[in-house]
Structure formats: structure tokens, C-alpha cells
Amino acid sequence: MIITAAHTVVLLALAFLLWKRADLAIKKYFWPAWVLKLAAGAALGWIYTYYYRGGDTWEYFQDGVTLAHTARADFFTYLRFLWSGDESFDVWSQLQYQQPRALFFGKVTSLFCLLTHDQYLAVAWYFSMISFCSAWHVTTLISRHWPTARAAAVLALLYWPTVVLWTSGLIKESLAMAALYFLVATSLQVWLRQRLSVLTMGLTVLALWILWSLKYYYLAVFLPVACAALIMRCFLLPRMSSAGAISKVLVWAALFIIPAIVLSQLHPNFYPERFLSVITENYKAFQLLSATNDAAHFPALKPTPGSVLRHSPAALLTGLFRPWIWEAHTFFQVSVAIENMLLAVLIFMSFRHLPTLPVSPHRLLVLSIVVYTLLLCVFLTLSTPNFGTLSRYRVGFLPFLVLLVCAGNVVIARIFRFTQSSK
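According to the numbering used here, the sequence shown is numbered sequentially starting from 134.
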């Protein structure tokens, strides 16, 4: 308890330094969001203890503790395991997870176990802090350069319930989303033609490595979208002033396909001959593990392009809005269903901006967010149809979708102005 309290003081000091540098326009939202983030990190442990009766967060922690014990007994062996851990090490058989992505996260967790002397809550709060710092970085950047989206950014990145919960605590999404947020921030800096510091470039490489190691499918969708948008923005659009909208979209699509093809060769699950089979195999595995009313069902799904395309509209609706309120039968599902209803209302309200989209200076950013959301949502839903798991995995696109549909929303803007004016 004393160790956890000491690390709480350290985190509070780091938060204070970050708050001191915060922009005045969003400064008052810092402390509530920070407290909420740490509370969510603690709540995650409680949920996995009493709701799920065990699960990922505790098993990752146990692996971290096991590796930390190895470090204390033989630090050189521990360093060698961090670099090239495999079954040749004695500690291998003691680990809960031996799959590459889970093992990577267990290794990272062990570093924080060493730092905190194996205190779960302190480790969870450090992961929450890392995630919060990255989310705050993106929020600050948007607030400065897109002030009309300021309220949307605060809501989507700092306060949206499932985003806060599933990007907090000792769980892969905390670190993965911290990396993704940083990559988004770097992409926006390039978009704004800002000069990147050596530190930013180094952290960008680190973020790429972390995201690929933890959630490679997030990166496999994000990188082609980001590359296509940035190449269009920085090099091609100034030379395409007379080109029509359809021509520009076709060029964007071509630019998207090139890095997508390259990335498809970097992971076995993305090999063209294997990709669709991976989706259907994962779908079948989740169906076997899930209760009938806890998952979406696509019984005719086959590993063919036509079948995946036919099921994509239903998968999109499922990934965005299910479970419906009448499908929910647990407290957690009811909470997610209510949030989904709110998201549906916000999406419907955002349709009022469609007539002005073709002439909007932000249409390329809008296109990028929409394509990223559609692709990742369909992929995740078809391969992960369990409602609980999907609620967690979809944080890879949800904050950006919420940001998009809330930008320019008059109700959100009025609430933001009210909170700004209140003492």
C-alpha cells in the first residue's frame, strides 16, 4: 500500500507538470479526465475480478510478476529473454501467455512490475497515465488547429465511456491506443506541415513498433489511410486544382492500395491467400466460446471475397450499434447499448453536414476517418463477433468516429460552452 501511494505521488507530480503546460482553452478538463482515467484503470481490475471472474488483465500481470522475479534472480537472463524469449528459457513454461503479442505485453508489464515492486494498482495506473498523455497530446493538437472540433475532441478522446474504460489499466489496448494516438498526432503535424523534432521522430518509430507488436491490424488499416491522405495533402492536391472530385478519390484509392499491399506481406495473417480464412476461423472460434445471445451471427460467412462483402453491411451495423438495447441482458451490455444509442443519434445528427462536405476544406480528413472506421469496424466485427470483446476491440476506431460525428454538433458545442463558462 505504501509503495502504491508513493507511485501515486509520482504520477500526480507528472500530471501536474503536464497540466501546467496545458492550453487554457481545455485546461479545466484536464484534472477530471485524469482522475477518470486512473479510476477506469482501477475499475478494470475490479471488472475482471468480479464480473469476468478473472481474465486478461490478471494473467498479464501474473506474467509480468513472473518475469520480474526472473529479473531479480538473474538480470542478465531476464535481458536475454526480453530480447529473444522462447521455449529455451526456464521461465517460458511458467508464463500464462506465450503468443507473440501477449508475450510482448507481458514483457512490457514486467518492466513496470520491477518499478512498482509487483503492485497491480500502481502498474495499472502507469499504463493509464501513458494512455492519457497520448490522448491529451492529440486533444491539444486538435484544440489548437481545429478549434471548431475542440469540444468533440475533448468528449471523444477524454470522456467517452467505453473509450476511457478500454484504454485504461493493465490491458493491451492502453498501450496500443497510446501508440495509435501518438501516430495520429504525428500525422496531423505532418498534415499541418510542422517540423518534427528528433524526439518526435524517435517516439514515432517506437509507437510504430509497439502498435505493430500489440495490434498489428490497427496499424495495417491506419498506415495506408494516413499515407494516402498525407501524400494527397502535401504533394498532389496543389497540382490537382482542376481535377474533379471523382479523380481525386481515385488517386486517393490508388495511394491507399500501395502501402496496403506492402503491409499484407509483413504478417502471415494478411497474406492474400490466408487473410479471408483468418477472418472466418476467428469467427468460428468466437462462436464456440460465446453464448448464443452474447454474439452476432453470420452463419453463411465463407472465406471468399463475395461472402465477406455480402456480410459487410450487417457487420458494420453490428460493430457500430450492437448489442441493441433489447438484446442486452447484463448490466455491462445495457451500458454499452445505451452508449450505442447515443452514438446512433450523433451519427444521424451529423448527416446535416453532408450537403457541405464536397466543398469543405476538411473533406480529405473526413474521408480518411470514414474509410478507417468502415474497414476496421467490418474486419473486427466479422472476426470478433462476441459483443463484450467487440466493445473492447472497437476502441481502435471509436474515438475517431465520435470525434467526427460530434465536430460541428450544436448540442455538444453548447454543452462545452456552458462548462467553459461555469466556475
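All C-beta atoms in this analysis are idealised placements derived from N, C-alpha and C, irrespective of residue type, glycine included.
Secondary structure of residue 542 (DSSP, three-state): coil. Residue 246 and residue 205 have their C-alpha atoms some 11 Å from each other.
Per the C-alpha coordinates, the member of 365, 347, 298 and 284 positioned closest to residue 320 is 365. By the neighbour-count definition (other C-beta atoms within 10 Å, threshold 16), residue 170 is a buried residue. In this structure, the beta-carbon distance from residue 442 to residue 289 does not fall below 8 Å. Contact between the segment 191-208 and the segment 259-268 is not established, with fewer than three Cβ pairs separated by less than 8 Å. Around residue 187, the same chain offers 181 as residues with beta carbons nearer than 7 Å, after the five sequence neighbours per side are excluded.
Under the 10 Å beta carbon count, residue 458 is surrounded by fewer than 16 other beta carbons and is classified as exposed. The residue from 498, 214, 307 and 456 with its alpha-carbon nearest to that of residue 275 is 498. C-alpha of residue 358 to C-alpha of residue 331: approximately 24 Å in a straight line. Spanning the alpha carbons of residue 473 and residue 483 requires a straight line of approximately 15 Å. Within the same chain, and ignoring the five residues on either side of residue 345 in sequence, the residues whose Cβ sits closer than 7 Å to its Cβ are 352. With fewer than three CB-CB distances shorter than 8 Å, the segment 521-528 does not count as touching the segment 371-391. Nearest in C-alpha terms to residue 281, of all of 266, 159 and 517, is 159.
Residue range 253-278 is occupied by the alpha helix (DSSP H) that includes residue 262. Here DSSP, grouped into helix, strand and coil, assigns residue 428 to strand. Going by beta carbons, residue 538 and residue 471 fall outside the 8 Å limit. Residue 416 places its beta carbon less than 8 Å from that of residue 434. Around the beta carbon of residue 385, 16 or more other beta carbons sit within 10 angstroms, so the residue counts as buried.
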